[in-house]
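Here UniProt numbering is used: the first residue of the sequence shown is 1, the next is one more, and so on.
Just so you know, even glycine gets a beta-carbon here, dropped at the ideal spot from N, CA and C.
Take a look at the structure set out below.
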Amino acid sequence: MKFQSSELPIGKPQARRKTAPKLAPLIVITILFTIIPIYYPSIRYSSQKKISEVISSNSEDTVQVVDHLANDLQVNHPCPVEDVPTKPCNVPIKEEQQQQEHEPEQEQQQEQEKPEKLPEKDEKSVTTSDITDKEVQPLPRKKLDRHNQHARKTGHHQRDFTVPKAVPEKTDQKKQLSNDDVRISSSEVSQSSASCDLFSGEWVKNPEGPYYTNDTCYAIQQHQNCLKFERPDTDFLKWRWKPDACELPIFDPTQFLEFVRGKSLAFVGDSVARNHMQSLICLLSKVVYPEDVSETQDENRRWIYKDYDFNISMFWAPYLVKTEKTDPNDVTQPFNLYLDEFDEFWTKQIQGFDYVIISAGHWFFRPTMFYLNRRLVGCLYCPQSNVNHVTSYFSYRRAFRTAFRAINSLENFKGVTFLRTFAPSHFENGPWDKGGDCARTKPFKRNEKKLEGYNLEFYKIQLDELKIAQRTGRRRGLKFRLFDATQPMLLRPDGHPSKYGRYTNPNVTVPNDCVHWCLPGPIDAWNDFLVELLKREVGD
Numbered sequence: 001m002k003f004q005s006s007e008l009p010i011g012k013p014q015a016r017r018k019t020a021p022k023l024a025p026l027i028v029i030t031i032l033f034t035i036i037p038i039y040y041p042s043i044r045y046s047s048q049k050k051i052s053e054v055i056s057s058n059s060e061d062t063v064q065v066v067d068h069l070a071n072d073l074q075v076n077h078p079c080p081v082e083d084v085p086t087k088p089c090n091v092p093i094k095e096e097q098q099q100q101e102h103e104p105e106q107e108q109q110q111e112q113e114k115p116e117k118l119p120e121k122d123e124k125s126v127t128t129s130d131i132t133d134k135e136v137q138p139l140p141r142k143k144l145d146r147h148n149q150h151a152r153k154t155g156h157h158q159r160d161f162t163v164p165k166a167v168p169e170k171t172d173q174k175k176q177l178s179n180d181d182v183r184i185s186s187s188e189v190s191q192s193s194a195s196c197d198l199f200s201g202e203w204v205k206n207p208e209g210p211y212y213t214n215d216t217c218y219a220i221q222q223h224q225n226c227l228k229f230e231r232p233d234t235d236f237l238k239w240r241w242k243p244d245a246c247e248l249p250i251f252d253p254t255q256f257l258e259f260v261r262g263k264s265l266a267f268v269g270d271s272v273a274r275n276h277m278q279s280l281i282c283l284l285s286k287v288v289y290p291e292d293v294s295e296t297q298d299e300n301r302r303w304i305y306k307d308y309d310f311n312i313s314m315f316w317a318p319y320l321v322k323t324e325k326t327d328p329n330d331v332t333q334p335f336n337l338y339l340d341e342f343d344e345f346w347t348k349q350i351q352g353f354d355y356v357i358i359s360a361g362h363w364f365f366r367p368t369m370f371y372l373n374r375r376l377v378g379c380l381y382c383p384q385s386n387v388n389h390v391t392s393y394f395s396y397r398r399a400f401r402t403a404f405r406a407i408n409s410l411e412n413f414k415g416v417t418f419l420r421t422f423a424p425s426h427f428e429n430g431p432w433d434k435g436g437d438c439a440r441t442k443p444f445k446r447n448e449k450k451l452e453g454y455n456l457e458f459y460k461i462q463l464d465e466l467k468i469a470q471r472t473g474r475r476r477g478l479k480f481r482l483f484d485a486t487q488p489m490l491l492r493p494d495g496h497p498s499k500y501g502r503y504t505n506p507n508v509t510v511p512n513d514c515v516h517w518c519l520p521g522p523i524d525a526w527n528d529f530l531v532e533l534l535k536r537e538v539g540d
């Protein structure tokens, strides 16, 4: 448009020009193009929200159709019936890249620094209700971000309820965490007053070991009694853990009993927690045997040391949260896990304990059904086609969060809670049911083995949840401490029973045990850690 200069004097009225009507359509068009882009996303988002509400109201009939590799939901190896499940029996071939759940003040900073990454392919929601033949169209970038912001505010993250898509690995785009990075992360939740990191170190020779045998301790279970079943090598008994910055004394049973006089100690967890407890009883057997005062003959046990007014209890809680068997007579069937509900069997009994060691791990690889607010929200390797299939990271994070929340909610609990971190298994040359074994006879050096895969993810989840528990517990004066067994045990592939937890039978094939630990064996070092951790509590 060519503008004309005004030759009329300022202040004098000008006659209306005949060209003025031509400007009206342009003004209208300009206004429309200004308003529509502003309100269009909100209109579409509101529409999309209504659709999602319809889907949510019919969630029991909903099937999530996810574009993924064919093997993502395939169960590689079903878990064994006994409590020796494994290297990931029934873990997805493509492991989940779990989206970290950060605290509210960290989320806003992350949104500014790291923009959301769009999935490579669109997902579709299909239902058998009144929207059966309708597909929810993928949202443009802006609307997806708005949806994710809403999810953060409400605590509902869509990624938790779907199997992540397989994305081709690109080693040059994302830096892998080194073991040093992991140690830095663990230091954030360790005791700040301690000058020495007990768990950063290496295994060194110790010709004085072991400090008990299967002849001197009756608490060793058959499948961990490697000496009884004639394991040919004994070098695995001749090592001790040496921290980088200090010395870790060998367990002194007399000193320990004096230290815990008048105290109580609870182990909460699975068969590896029981393995640890039995190691402690064996080490103390050089001084005195405890009296078994268990009220039942199941996995829940209690011992007392009358001369020292000290007692030890084992609370069987492999999932830490409220659990039910789908078939009471068949443990191979999936379990129902109520991930937001307390397991009151142990949470109601630990209030009077001075020290609680909580742990969990390998049971989370078994087939399970997941409930939140009493609604079925997903499963791990279930046969149902109308249930969202998720990975074990989903349940592992929520189980620890609920367990810590339970402890923080106890009115009369004044004790110290130790999180004993995940102890990796060491199956090599095949999975557990295809001849996988742990036949090494000496430890790894620290530069020979890296924490990675599901071991790393489980470990990071534990550190995240411990940090949240510490922050909450601080308001009530409760202490949550890190008992970091992951890195030391990662380096001990030689410490498992393997086939030396039973008599061999050429007509029977039994999986090798590369999950539990020989007694005596590397797990005895956990009680070296325990003594030092308890000393630090007294020092604090």
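Cβ pair residue i, residue j closer than 8 Å
i           : j           : result
residue 266 : residue 315 : yes
residue 295 : residue 303 : no
residue 522 : residue 501 : no
residue 226 : residue 518 : yes
residue 397 : residue 461 : yes
residue 340 : residue 376 : no
residue 363 : residue 393 : no
residue 528 : residue 249 : yes
residue 312 : residue 219 : no
residue 417 : residue 356 : yes
residue 359 : residue 272 : yes
residue 526 : residue 276 : yes
residue 465 : residue 401 : yes
residue 354 : residue 415 : yes
residue 203 : residue 268 : no
residue 205 : residue 239 : yes
residue 497 : residue 513 : yes
residue 264 : residue 352 : yes
residue 342 : residue 406 : yes
residue 386 : residue 378 : no
residue 404 : residue 469 : yes
Anticipated Cβ contact below 8 Å, residue i with residue j, distance rounded
i           : j           : result
residue 283 : residue 338 : In fact, because the Cβ distance is near 37 Å, the residues do not count as touching under 8 Å.
residue 252 : residue 201 : Incorrect: roughly 20 Å between the Cβ atoms, too far for contact.
residue 486 : residue 422 : 6 Å
residue 412 : residue 369 : Between residue 369 and residue 412 the Cβ distance is about 33 Å, and since that is not below 8 Å, they are no contact.
residue 424 : residue 455 : 5 Å
residue 436 : residue 427 : 4 Å
residue 395 : residue 410 : Not confirmed; about 23 Å, so no contact.
residue 288 : residue 305 : 6 Å
residue 199 : residue 484 : 4 Å
For residue i, the first and last residue of its enclosing alpha helix (DSSP H)
i           : result
residue 253 : 253 to 259
residue 392 : 392 to 409
residue 454 : 453 to 476
residue 535 : 525 to 539
residue 486 : 486 to 490
residue 345 : 344 to 347
Burial state of residue i, where buried means 16 or more other Cβ atoms lie within 10 Å
i           : result
residue 17  : In this prediction, residue 17 has a pLDDT of 44, which is less than 50 and means its spatial position is unreliable; what the coordinates show is noted afterwards. Its Cβ having fewer than 16 others within 10 Å, residue 17 is exposed.
residue 49  : Below a pLDDT of 50, predicted positions are generally treated as unreliable, and residue 49, at 41, falls in that range; no measurement from the model is reported.
residue 298 : exposed
residue 384 : exposed
residue 547 : It is not possible to answer for residue 547, since the shown part of the chain is limited to 1 through 540.
residue 87  : Because residue 87 sits at a pLDDT of 38, beneath the cut-off of 50, its placement in the model cannot be relied upon, and the following sentence gives the value as read from the coordinates. Looking at its Cβ environment, which holds 16 or more other Cβ atoms inside 10 Å, residue 87 is buried.
residue 329 : exposed
residue 457 : buried
residue 208 : exposed
residue 408 : buried
residue 278 : buried
residue 255 : exposed
residue 192 : Legend: pLDDT at residue 192 = 45, less than 50; position of this residue unreliable, value from coordinates given subsequently. Answer is exposed; the Cβ neighbour count stays below 16.
residue 447 : exposed
residue 534 : buried
residue 258 : exposed
residue 441 : exposed
residue 506 : exposed
Residues bridged to residue i (per DSSP)
i           : result
residue 375 : 372
residue 276 : According to DSSP, residue 276 bridges with nothing at all.
residue 201 : 243
residue 428 : 437
residue 483 : 420
residue 325 : 335
Cβ of residue i within 8 Å of any chain D Cβ
i           : result
residue 448 : Included in the structure is just one protein chain, with no chain D present.
Extent of the continuous beta strand (DSSP E) run through residue i
i           : result
residue 266 : 264 to 269
residue 355 : 355 to 358
residue 313 : 310 to 316
residue 304 : 301 to 305
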